[in-house]
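Engineer: This is the structure I want to talk about, given as structure tokens.
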Amino acid sequence: MSRGKFQLLINEGSRLKNEEKYKDAFEMFMKALDEIEENDEELLCYFSMIDCAINLEELDTAKEFCYRSLSKYGEKEDFYLNLAYIAEMEREFLDSFIFLNKSYNISKREHYKEGIKNKVFLWQRDLWFEYKYNFEVHNTNKAIECLEQLISLILLSEEVEFTTKEVYETYTDLSIRSKKYWKVYELKDKLIKLGVNEEIILSLINDEKYFSKIKAYDTSREYFNLLIDYLIKKEKKDLYYLEKLKLAKEFGSQEYYSMLIKDFIDRPYEEKLRSRKDNYKREIEIYEMSLGFLSKNEQSIVDEIHKEIQEIRNTII
Numbered sequence: 001m002s003r004g005k006f007q008l009l010i011n012e013g014s015r016l017k018n019e020e021k022y023k024d025a026f027e028m029f030m031k032a033l034d035e036i037e038e039n040d041e042e043l044l045c046y047f048s049m050i051d052c053a054i055n056l057e058e059l060d061t062a063k064e065f066c067y068r069s070l071s072k073y074g075e076k077e078d079f080y081l082n083l084a085y086i087a088e089m090e091r092e093f094l095d096s097f098i099f100l101n102k103s104y105n106i107s108k109r110e111h112y113k114e115g116i117k118n119k120v121f122l123w124q125r126d127l128w129f130e131y132k133y134n135f136e137v138h139n140t141n142k143a144i145e146c147l148e149q150l151i152s153l154i155l156l157s158e159e160v161e162f163t164t165k166e167v168y169e170t171y172t173d174l175s176i177r178s179k180k181y182w183k184v185y186e187l188k189d190k191l192i193k194l195g196v197n198e199e200i201i202l203s204l205i206n207d208e209k210y211f212s213k214i215k216a217y218d219t220s221r222e223y224f225n226l227l228i229d230y231l232i233k234k235e236k237k238d239l240y241y242l243e244k245l246k247l248a249k250e251f252g253s254q255e256y257y258s259m260l261i262k263d264f265i266d267r268p269y270e271e272k273l274r275s276r277k278d279n280y281k282r283e284i285e286i287y288e289m290s291l292g293f294l295s296k297n298e299q300s301i302v303d304e305i306h307k308e309i310q311e312i313r314n315t316i317i
């Protein structure tokens, strides 16, 4: 009896769906879920409900059932295709690209490749025009988001409608003008998580060039100072300490300078060795600058600096 009831509900749901009565059809498929006996029956309900939810533009509901299905039944081409379509509707083109690639990796249908490539070019143009519109109406946050998505899409797809450098320069200029300096580093983290080659990321996101652009714009150094604080918390790179020490010296804060250089000296030994492999010259620059700035009252720190310089000379140079 349950099998017969299931089929009746499915048939009625399909009829309503064909008549574009998607809300009523969705409810029928929901009722059919209570009558399922086999996995393929549940999958049929999910596919039908997702289709109805998309047509009703209830995208969160559609996504919920896609993820529920993926969790229960594993990776299936059609669920990723649905997620790609939903992401495209939401203008999350990077997510759509990722889902389309997952679908292709399951199906290995060669015609997908050309379709994905064509979509990527269209999306890149779309994001560029959306950025320009938001920039013109002074919606800076949205303009930055468009450029972030565009850069990510270019690097992940390796399909180029606009050069990465061109878009990145526009992105950094906008981030600097809006004093959202940290955005570049959030983008860097995102690209690493997406699996973009780190060498490519580092060739694009160059700290020294970026800092030079910021300092040319932010003569007060107020926001640059905040950026360096943020970066030192993330990663104790020599360059970040050098910039922070220069700021402390510029503002004449000897007590704060002493605290910073002590923190730099006290880094774990393994961390120092890793850093010195490529950056020993910058470390020496930091120490020599400090010797010229610290007062006679800081003799203990001066002695530590001399020890560090001697160790670099003995082990690296």
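For the sequence shown, counting from 1, position 246 maps to 246 in our numbering; every step adds exactly one. Virtual Cβ for every residue (Gly too), placed ideally from N, Cα, C.
Taking 8 Å as the cut-off, does the stretch 154-163 touch the stretch 174-187 (at least 3 CB pairs, one atom from each stretch)?
Structural biologist: no
Engineer: Count the other CB atoms within 10 Å of the CB of Ile200; is the residue buried (16 or more) or exposed (fewer)?
Structural biologist: exposed
Engineer: Beta-carbon within less than 8 Å of Lys179's beta-carbon, same chain only, minus the 5 sequence neighbours each way: which residues are those?
Structural biologist: Counting only Cβ-Cβ distances below 8 Å, and skipping sequence neighbours, we find Asp218 and Tyr223.
Engineer: DSSP state of Lys209, grouped into three classes?
Structural biologist: helix
Engineer: For a test of the three-state rule: what should DSSP assign to Arg221, helix, strand or coil?
Structural biologist: coil
Engineer: Within 10 Å of its beta-carbon, does Asn82 have 16 or more other beta-carbons around it, so buried, or fewer, so exposed?
Structural biologist: By the 10 Å Cβ count, Asn82 comes out buried.
Engineer: Kindly indicate the opening and closing residues of the alpha helix (DSSP H) around Thr163.
Structural biologist: That residue, Thr163, is in no alpha helix (DSSP H); it is neither H nor E in DSSP.
Engineer: Say whether the stretch 191-210 touches the stretch 140-160, bearing in mind that this needs 3 or more beta-carbon pairs closer than 8 Å, one atom from each stretch.
Structural biologist: yes
Engineer: If you follow the alpha helix (DSSP H) that Glu298 is in, where does it begin and where does it stop?
Structural biologist: Premise fails: Glu298 is in no alpha helix (DSSP H) and is neither H nor E.
Engineer: Please report the straight-line C-alpha distance between Asn314 and Tyr280, rounded to a whole angstrom.
Structural biologist: 12 Å
Engineer: Could you check the C-alpha separation between Phe29 and Met49 for me, to the nearest Å?
Structural biologist: 6 Å
Engineer: If I follow the unbroken alpha helix (DSSP H) through Phe324, where does it start and stop?
Structural biologist: Since the first and last residues shown for the chain are 1 and 317, residue 324 lies out of range.
Engineer: Roughly how far, in whole angstroms, is the beta-carbon of Phe26 from the beta-carbon of Tyr46, given that I think they are within contact range, below 8 Å?
Structural biologist: That pair is no contact at about 12 Å.
Engineer: I'd like to know if the stretch 132-143 and the stretch 94-111 are in contact, where contact means that at least 3 CB-CB pairs between them fall below 8 Å.
Structural biologist: With the rule of 3 Cβ pairs closer than 8 Å, the stretch 132-143 does not count as touching the stretch 94-111.
Engineer: Just checking my contact of Ile261 with Ser290 at CB under 8 Å: how many whole Å lie between their CB atoms?
Structural biologist: 5 Å
Engineer: Indicate the three-state DSSP secondary structure (helix, strand or coil) for Ser152 in the structure shown.
Structural biologist: helix
Engineer: Measure the beta-carbon distance from Ser220 to Gln254 and round it to whole angstroms, keeping in mind my assumption that it falls under 8 Å.
Structural biologist: The pair is not a contact, with the Cβ atoms about 21 Å apart (cut-off 8 Å).
Engineer: Grab me the residues of Tyr131's own chain with a C-beta within less than 6 Å of its C-beta, minus the 5 sequence neighbours each way, in chain order.
Structural biologist: Ala143, Cys146 and Leu147
Engineer: Hey, how far is the Cα of Val120 from the Cα of Asp78?
Structural biologist: 20 Å
Engineer: Looking only at its own chain, which residues have a Cβ that is under 7 Å from the Cβ of Ile86, when we skip the five neighbours before and after it?
Structural biologist: Ile54, Leu59, Ala62 and Lys63
Engineer: Write down every uninterrupted run of the alpha helix (DSSP H) in the stretch 165-206 whose length is 4 residues or greater and which is fully enclosed by it, in chain order.
Structural biologist: 183-194 and 198-204
Engineer: Just verifying my parser: in three-state terms, what is the DSSP assignment at Glu12?
Structural biologist: It is helical.
Engineer: Which value, in whole angstroms, describes the spacing of the CA atoms of Leu227 and Glu37?
Structural biologist: 59 Å
Engineer: May I have the straight-line CA-CA distance separating Leu202 from Glu114, to the nearest angstrom?
Structural biologist: 30 Å
Engineer: Considering only the beta carbon of each residue, do Ile309 and Arg276 sit closer than 8 Å?
Structural biologist: no
Engineer: What do you get for Ala32, buried or exposed, if any count of 16 or more other CB atoms within 10 angstroms of its CB means buried?
Structural biologist: buried
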